[in-house]
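Residue numbers are given in this note's numbering: position 17 of the sequence shown equals residue 21, and the series is strictly consecutive.
A short write-up of the structure that comes next.
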Amino acid sequence: MTLKPLADKVVVKRLEAEEKTKSGILLAASAQEKPEIYEVVAVGPGGIVDGNEVKMEVKAGDRIITGKYTGTTVKVEDEEYTIVRQGDILAIVE
């Protein structure tokens, strides 16, 4: 099964949390901070959304930053994805 986002929606997957600090200390799973950096998996076509034309600025493979409580989380074939609006994306990480 694949996810095909509509309009200005973007399907993203959270990147894994760091398991080690910069100094080399291993972190327990409960101590790992979940990053708000995601990889874009699929992008909707854009178009007219709420009466405004939306041009999609992100593409599959981009790494992005979103707000902490943004989007809807879905599970597909044991993989967890988040669906966000393009307007909820704060930045593209280059």
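Positions of the beta carbon are idealized from the N, C-alpha and C atoms, including for glycine.
Hey, residue i and residue j are a contact pair by Cβ (cut 8 Å); roughly how many whole angstroms apart?
i: Val-15; j: Tyr-85; result: 5 Å
i: Gly-65; j: Lys-59; result: Not a contact, Cβ separation roughly 18 Å.
i: Glu-43; j: Lys-17; result: 5 Å
Measure from the alpha carbon of residue i to the alpha carbon of each residue in the options, then state which is nearest.
i: Gly-48; options: Val-97, Ile-87, Leu-7, Lys-13; result: Lys-13
i: Met-5; options: Asp-82, Arg-67, Val-88; result: Asp-82
i: Asp-92; options: Ile-41, Glu-98, Val-78; result: Ile-41
i: Val-62; options: Asp-54, Ala-46, Glu-20; result: Ala-46
i: Lys-8; options: Val-88, Leu-94, Glu-98; result: Val-88
Run through the DSSP bridge pairs and tell me what residue i is partnered with.
i: Ala-64; result: Its beta-bridge partners do not exist; DSSP assigns none.
i: Tyr-73; result: DSSP, once it has assigned bridges, lists no residue as partnering Tyr-73.
i: Lys-17; result: Glu-43
i: Glu-57; result: Ile-52
Starting from residue i, trace the beta strand (DSSP E) both ways and give me its first and last residue.
i: Ala-11; result: No beta strand (DSSP E) contains Ala-11, which DSSP labels as neither H nor E.
i: Leu-7; result: Per DSSP, Leu-7 belongs to no beta strand (DSSP E) and is neither H nor E.
i: Gly-28; result: From DSSP, Gly-28 is part of no beta strand (DSSP E); its letter is neither H nor E.
i: Glu-84; result: 83-89
Given that a residue counts as buried once 16 or more other Cβ atoms are within 10 Å of its Cβ, and exposed if not, what is residue i?
i: Ile-96; result: exposed
i: Thr-76; result: exposed
i: Ile-52; result: exposed
Compute every distance between the C-beta of residue i and the non-hydrogen atoms of the ligand COA, then say whether any falls below 7 Å.
i: Lys-59; result: With respect to small molecules bound, the structure shown includes none, and the ligand COA cannot be examined in it.
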